[in-house]
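**Student:** My structure is below; once you've seen it, I'll send some questions.
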Amino acid sequence: MSVDTATVKKVASLARIAITDADAEKLAPELNNILGWIEQLGEVDTSSVEPMTAVIPNILRLREDVVTEGQQRDAILANAPQGEHGFFTVPKVVE
Numbered sequence: 026m027s028v029d030t031a032t033v034k035k036v037a038s039l040a041r042i043a044i045t046d047a048d049a050e051k052l053a054p055e056l057n058n059i060l061g062w063i064e065q066l067g068e069v070d071t072s073s074v075e076p077m078t079a080v081i082p083n084i085l086r087l088r089e090d091v092v093t094e095g096q097q098r099d100a101i102l103a104n105a106p107q108g109e110h111g112f113f114t115v116p117k118v119v120e
């Protein structure tokens, strides 16, 4: 795949990036080099490599799903600046 200045200008337009003609001429060979590197990666034989979801092995540390102390509404609301009818009271932000 080859990128020309018209393609660079089109991509820049889609990305809402303002570039000059001189910038487009400089970017075209750079983007062609990047695409060449990507094509080289496609040539690598990965048939013996197992797919992975992360670079390092991750093990989720899960805790037991147990019921903890509940029914503490009054103790929690005691820390609030304002509370009303068992709920936090906050200032109105939308008129």
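Heads up, the sequence shown is in our numbering, so the first residue is 26 and it goes up one at a time.
Glycine included, every Cβ here is placed at the ideal spot set by N, Cα and C.
Here the structure is a predicted model, which is why all the values come from computation and not from measurement.
Do you know offhand how far Ala31's Cα is from Leu60's?
**Tutor:** Position 6 of the sequence shown holds residue 31. Position 35 of the sequence shown holds residue 60. Each residue's alpha carbon lies about 16 angstroms from the other.
**Student:** Which partner residues does Gly108 have in the DSSP bridge list?
**Tutor:** On the sequence shown, position 83 is the one that residue 108 refers to. In the DSSP output, where bridge partners are listed per residue, Gly108 has Phe113.
**Student:** Using three-state DSSP, classify Pro82 as helix, strand or coil.
**Tutor:** The count along the sequence shown starts at 1 and reaches residue 82 at position 57. Coil.
**Student:** When you compare only the Cα positions, how much space is there between Ser38 and Val92?
**Tutor:** Indexing the sequence shown from 1 puts residue 38 at position 13. Indexing the sequence shown from 1 puts residue 92 at position 67. So the two alpha carbons sit approximately 55 angstroms from each other.
**Student:** Using C-beta distances below 6 angstroms, list every residue in its chain close to Ala49, excluding the 5 sequence neighbours before and after it, in chain order.
**Tutor:** Against the sequence shown, residue 49 aligns to sequence position 24. Thr30, Val33, Lys34, listed in sequence order.
**Student:** Return the CA-CA distance between Gln65 and Asn58, expressed in angstroms with no decimal places.
**Tutor:** Start at 1 with the first residue of the sequence shown, and residue 65 comes out as number 40. Start at 1 with the first residue of the sequence shown, and residue 58 comes out as number 33. Their Cα atoms are separated by approximately 11 angstroms.
**Student:** Ala105 to Pro116, Cα distance in whole Å?
**Tutor:** For this step, residue 105 is matched to residue 80 along the sequence shown. For this step, residue 116 is matched to residue 91 along the sequence shown. Using only the alpha carbons, I get a separation of about 13 angstroms.
**Student:** Give the range of the alpha helix (DSSP H) segment to which Ala53 is assigned.
**Tutor:** To locate residue 53, count along the sequence shown from 1; it is residue 28. That run of the alpha helix (DSSP H) goes 46-67.
**Student:** Measure the C-alpha to C-alpha separation of Val28 and Ala53 and round it to an integer number of angstroms.
**Tutor:** If you number the sequence shown from 1, residue 28 lands on position 3. If you number the sequence shown from 1, residue 53 lands on position 28. Straight-line Cα distance between these residues: approximately 6 angstroms.
**Student:** Which same chain residues, not among the five before or five after Phe113, have their C-beta less than 8 angstroms away from its C-beta?
**Tutor:** For the purposes of this step, residue 113 is taken as the residue at position 88 of the sequence shown. So the list reads Leu102, Ala105, Gln107, once near-sequence residues are dropped.
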